[in-house]
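Going left to right, the sequence shown walks through residues 705 to 1167 as the numbering used here numbers them.
Below is one structure, written out as structure tokens, with a few remarks after it.
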Amino acid sequence: MINSRIYEKRRAAVARSLKAAGGGIALLPTAPEVARNRDSDFPYRHDSYFYYLTGFSEPGAWLTIEASGKSTLFCRPKDLEREIWDGIRLGPKAAVTALGVDQAFSVETIDKTMPQLLENQRAVWFPFATHKGLETQVDGWLNQVRAKVRQGAECPGSQHDLCKLLDEMRLVKDKHEIDILRRAGQISAGAHVRAMQTSAAMLRGGFKGGPREYHLEAELLHEFRRHGSEYPAYTSIVAAGANACVLHYRAGDAELKAGDLCLIDAGCELGGYASDITRTFPANGQFTPAQRTLYDIVLAAQYAAVAVTKAGKRFTDPHDAATRVLIDGMLETGLLPKAKHGKVEDVLASGAYRQFYMHRTSHWMGMDVHDCGDYTEPTGKATRQTDALGQDVLRKPSRILQPGMVLTIEPGLYVRPAKGVPKEFWNIGIRIEDDALVTAKGCELLTRGVPVDADEIEALMRG
Ligand code: GLY
Ligand code: MN
Ligand code: MN
């Protein structure tokens, strides 16, 4: 059963924002069903914005919210024949009570009803550049209203991006969301533990043909699903050995060999909310000295980033803190020879560290693994800056962290074979990623149910 109060409150907040902006109506569809091949579809996943305001996960649905607070749902009509094949539909009649909306209609009437809802509204808000064909659809409905202006109807005079408004709301998570994110983080952490232990056990047991990346992926999926997760929040990465240096590698069929590391980046989606964890561990449960050296640098970088993840700091502070520690490690290990590259400040200025650390440390996380929300202060003043690629760009100041924001902290080091790079580090790829809920005093790591300390990982894998 859907707890409709949660969604009613969010819809009321949208209505207040519309009112504050001078009135109007917001409309948004859920996601379409997507064909996979011939008559098979991909597993259905609702649209995150739509779900955020309704808790409703059937396809073929639309929501409108008026500045007055009135909400209207369009959904698939009851249809015995279709329900026998595809499952029960809520239907408009039951939707009013189940979802707490003011009125509900069959989606089959939308081309007739939506123009009526748009009539005499000052403005229309809908998601820009998100749903294919939506702009054309809205144009068609507005044209129907315009056709009646000589009869005295008023047509909305402006269009606004509804995402802008919803992104700000979604960026700060409420208690309901935090509870689910915590649970999703716990389940995913358990899955990482299971995968680590399976890897070591299979190698200890002399599994014929060796453990493969897909064996560990299967353990992850098993653990996600048995705890009620609907599906993974994104395609799982299980990367044996050198595959870890391919940032968007997927779980494949490479063998996990004793002496190699394995990098797993995987998280479940639970009740519409993501989790996002990376752990890197020795396939057989024991780090080599070279692996351990780099691992401890990445871990120190993560701790440095965690230490500055708190309300009042900026989104870029964890990245800056992690990058300095990583650079220091690159200089100390000879990945970047000091004689050529100088000190930490010099490497920051030259950007030479990007050979081994080429991604950012954080992204927002929530309903979407790379969640919505501005990364800069919405009211900040833009100034000219030099970006990571040395280009002159206009940028607002980085976002100030607030309690309730959730971001990942995921530093890494990726060492591809290259001239001048110490051979002992070749093909080592390490990332450590946790999900952090910003609090007033610091942050709560939602995903530490799986250890990060190298000794603790080794102990866990012996168990
Ligand atoms: N798994 C996607 C990411 O870490 O950003
Ligand atoms: Mn991530
Ligand atoms: Mn990840």
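All C-beta atoms in this analysis are idealised placements derived from N, C-alpha and C, irrespective of residue type, glycine included.
Output yes if chain D places a C-beta closer than 7 Å to the C-beta of I1132; else output no. Going by chain labels, chain D is absent from the structure shown, which holds only one protein chain.
Nearest neighbour of A1158, chosen from K879, V1002, A955 and C859 [CA to CA]: Closest option to A1158, Cα to Cα, is V1002.
So what's D865 in DSSP terms, helix, strand or just coil? In the structure shown, D865 sits in a strand (DSSP, three-state: E or B).
Which of the three DSSP states is assigned to R1120 in this structure? coil
If you drop the 5 nearest sequence neighbours on each side, which residues of the same chain put their C-beta closer than 8 Å to that of V1048? Spatial neighbours of V1048 in its own chain (CB-CB distance under 8 Å, excluding positions within 5 residues in sequence) are listed in chain order as R1028, I1031, D1032 and L1035.
Sort out for me which residues DSSP pairs T1013 with in a bridge. According to DSSP, T1013 bridges with nothing at all.
Tell me where the alpha helix (DSSP H) around W845 begins and ends. L838 to R850
For T1083, which of E872, V828, C966 and Q820 has the nearest alpha-carbon? The option with the nearest alpha carbon to T1083 is E872.
Let me know the beta strand (DSSP E) ranges lying completely inside the region 949 to 982, each 3 residues or longer, listed in chain order. Segments of the beta strand (DSSP E) lying fully in the region 949 to 982: 965 to 970.
Coarse secondary structure for G764, derived from DSSP in three states: For G764, the three-state secondary structure derived from DSSP is coil.
My guess is that R793 and D783 are in contact by the Cβ rule of under 8 Å, so how many angstroms apart are they, rounded? About 7 Å separates the two Cβ atoms, so the contact holds.
For ligand 4, is there any heavy atom lying closer than 6 Å to the beta carbon of T1027? Ligand 4 is not among the ligands present in this structure, which contains only ligand 1, ligand 2 and ligand 3.
Beta-ladder partner(s) of S650, from DSSP: This structure gives no information on residue 650, because the portion of the chain shown stretches from 705 to 1167.
Hey, could you find the ends of the alpha helix (DSSP H) Q890 is sitting in? K879 to R908
Compare the C-alpha of R826 against each of S708, R740 and A724 and name the closest. A724
Where does R786 sit, in a helix, a strand or coil, going by DSSP? helix
Tell me, to the nearest whole angstrom, how far the beta carbon of R916 is from that of L960; I am working on the premise that it is less than 8 Å. 7 Å
Residue environment, Q1006, which counts as buried when at least 16 other CB atoms sit within 10 Å: It is buried - the Cβ of Q1006 has at least 16 other Cβ atoms within 10 Å.
Near T776, which residues of its chain fall below 6 Å by C-beta distance, leaving aside the five closest residues on each side in sequence? T768 and Q807
T1087, enclosing beta strand (DSSP E) - first and last residue: T1087 to T1090
Rounded straight-line distance, which links the Cα of V1154 to that of D661: Lying outside 705 to 1167, the shown extent of the chain, residue 661 is not represented and no answer is given.
If you run the structure through DSSP and keep just helix, strand and coil, what is P1107? coil
Below 7 Å between beta carbons: does that hold for E921 and S903? no
Name the residue from S1054, A937 and W1068 whose alpha carbon lies nearest to the alpha carbon of T1090. S1054
From P936, L1149, G945 and C867, residue whose alpha carbon lies closest to that of Y1118: Residue G945 is the option with its Cα nearest to Y1118.
Per DSSP, what kind of secondary structure is P733 in: helix, strand or coil? strand
Among F911, H931 and Q848, whose alpha-carbon lies nearest the alpha-carbon of A962? F911
So is V1073 buried or exposed if we call it buried at 16+ other beta carbons inside 10 Å? So V1073 ends up on the buried side.
Ligand 2 and E1128: does the residue's C-beta get closer than 6 Å to at least one heavy atom of that ligand? no
Neighbourhood of C867 by C-beta distance below 8 Å, restricted to the same chain and skipping five residues each side: Y753, P831, F832, T834 and C1076
For D1157, name the three-state secondary structure that DSSP assigns. coil
Do L1141 and K1017 come within 7 Å of each other at the CB atom, strictly closer than that value? Result no, Cβ atoms of K1017 and L1141 do not sit closer than 7 Å.
Any non-hydrogen atom of ligand 2 within 6 Å of D1072 CB: In this structure, D1072 has its beta carbon at no less than 6 Å from each heavy atom of ligand 2.
Looking at T1112 and ligand 2, is the gap between the Cβ and the nearest heavy atom below 6 Å? yes
How is S1102 classed by DSSP in three states: helix, strand or coil? Look at S1102 here: in three-state DSSP terms it is strand.
Output yes or no for whether 7 Å exceeds the beta carbon distance between G1070 and R874. When the beta-carbon positions are compared, G1070 and R874 come within less than 7 Å of each other.
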